[in-house]
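Heads up: the structure comes next, in structure tokens.
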Amino acid sequence: MVPSRRPTIGVFDSGVGGLTVLRALLDRIPDAGYLYFGDTARLPYGSKSAATVAHYAVGAVRYLQDRGAELLVIACNTATALALDEIKAAAGVEVIGVVEPGAEAAAAATRARKVVVIGTDATIRSHAYRRALEARQVAVREKACPLFVPLVEEGWVEHTVTEQVARIYLSEAFADDAGDFNADVLVLGCTHYPLIKPLLRRVAPAHVTIVDSAESTARAVELQLGRQLKIEPSPSSINDERRGVPDLKFFATDSAEKFRMMGTRFLGLPVEDVVHVDLKE
Ligand code: DGL
């Protein structure tokens with residue numbers, strides 16, 4: 157990407173998990189400025205109702221917009237699945253969620269036209285991925301995996317307990333007792349799951365391709381910036397030698413120190429400039 161000026165992108169998540177999406181954005185669009193909001197005081201979103209998630213998410217994206225975000229990325233799968241329409245209605249700028257780009261990538265990857273989607277309880281109950289994939293003529297089996305988020309947050313990304321849990325979830329998700337659901341793609345429909353991708357790779361059936369929406373979301377953001385700011389996407393944007401020091405600011409509703417420590421693990425880069433935010437009801 158060769159920006160004529162540095163665009164400011166707001167990234168919203170319920171906590172630190174969305175840093176996996178920020179990482180993909182940084183790889184693809186290194187020259188943008190990023191404002192990242194993690195609603196760490198109110199997570200997990202994955203067990204909450206649509207009305208509560210929408211209320212929290214709208215407050216957070218307004219905050220990002222007030223600080224200059226020109227484009228909003230909803231990195232949280234749960235917030236995208238439950239509240240994208242409300243967020244779009246409240247925002248004055250373009251909003252990109254992770255479900256449509258994830259479904260697009262999965263539809264491109266499946267030859268069987270059958271995929272398995274895993275996510276939080278709330279994401280799975282919303283059937284947002286099902287709708288997005290069925291609109292692309294892909295059959296879907298959805299499986300909630302609520303234990304993965306706490307296990308990843310505990311740092312147990314290569315732990316025997318996590319592997320056991322994954323074996324149980326995935327054997328249920330890929331069970332093909334009737335012999336008519338031989339899915340060939342697994343969609344990681346949650347911000348935390350990319351951290352256990354190597355473990356899931358070992359546990360999932362060998363023929364299955366794993367798709368996470370972070371990379372395809374970053375591509376969608378790049379295309380939108382091109383339309384919005386007339387910035388030319390460049391195929392060489394990844395590993396571009398002109399890449400400078402990333403311009404990153406973080407806002408967290410719980411302890412800034414805790415965000416710094418956990419965030420560094422999720423982002424794979426030092427998380428430094430963290431401001432604690434108290435969103436008034
Ligand atoms: N960010 C959430 C998601 O992608 C996972 C964590 C949570 O439940 O808040 O669905």
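Residue 426 in the numbering used here is what sits at position 270 of the sequence shown, and the numbering runs on without skipping anything.
For each residue, glycine too, the CB sits at the ideal point set by N, CA and C.
Item	Value
Contact the stretch 297 to 304 vs the stretch 313 to 326: 3+ CB pairs below 8 Å	yes
Check: Tyr192 C-beta below 7 Å from any heavy atom of ligand 1	no
Residue environment, Lys414, which counts as buried when at least 16 other CB atoms sit within 10 Å	exposed
Asp195 classed as buried or exposed, judged by whether at least 16 other C-beta atoms fall within 10 angstroms	buried
Sequence-distant residues of its chain with Cβ nearer than 7 Å to Gly253 (five each side left out)	Ile230, Thr236 and Leu240
Where the alpha helix (DSSP H) through Gly258 begins and ends	Val255 to Ala265
Bounding residues of the alpha helix (DSSP H) (the contiguous stretch that carries Glu309)	Phe304 to Glu309
8 Å contact criterion, which Phe422 and Leu351 should meet: CB distance rounded	7 Å
Environment of Val255 [buried if 16+ CB atoms lie within 10 Å]	buried
Neighbour-count burial assignment, Asn233, 16 or more Cβ in a 10 Å radius	buried
Limits of the unbroken beta strand (DSSP E) element including Lys353	Note, Lys353: premise wrong, no beta strand (DSSP E); alpha helix (DSSP H) at Lys353 to Val359.
CB-CB length for Arg162 against Gly189, believed under 8 Å	5 Å
Neighbourhood of Ala284 by C-beta distance below 6 Å, restricted to the same chain and skipping five residues each side	Ala237 and Val255
Closer than 7 Å: His283 CB and nearest ligand 1 heavy atom	no
8 Å Cβ shell around Arg286 - same chain, five flanking residues per side excluded	Val273, Val296 and Glu298
Outcome for Lys204 when other beta-carbon atoms lying within 10 angstroms are tallied against a minimum of 16	buried
Bridge-paired residues (DSSP) for His432	Ala408
Straight-line Cα distance separating Val305 from Val209	17 Å
Lys436 versus Thr266 - alpha carbon distance	45 Å
C-alpha distance - Val177 paired with Gly215, whole-angstrom precision	20 Å
CA-to-CA distance, Leu344 to Ala245, given in whole angstroms	27 Å
Whether Ala322 touches Leu356 by CB criterion (8 Å)	yes
Delimiting residues of the alpha helix (DSSP H) encompassing Gly194	Here Gly194 belongs to no alpha helix (DSSP H); instead the beta strand (DSSP E) covers Gly189 to Gly194.
C-alpha gap between Val313 and Glu319, whole angstroms	9 Å
CB-CB length for Ala408 against Val377, believed under 8 Å	In fact, because the Cβ distance is near 22 Å, the residues do not count as touching under 8 Å.
Buried versus exposed call for Asp434 [16 or more other C-beta atoms within 10 Å across all chains shown]	exposed
Residue span of the alpha helix (DSSP H) that contains Ala180, given as start and end	Leu175 to Arg184
Gly215: first and last residue of the uninterrupted beta strand (DSSP E) it sits in	Per DSSP, Gly215 belongs to no beta strand (DSSP E); it is in the alpha helix (DSSP H), Ala206 to Asp222.
Classification of His348 by the beta-carbon crowding that lies within 10 angstroms, buried from 16 upward	buried
His413 in three-state terms, based on DSSP	Sequence inspection shows Glu at residue 413; the His mentioned does not correspond to that position. Here Glu413 sits in helix by DSSP.
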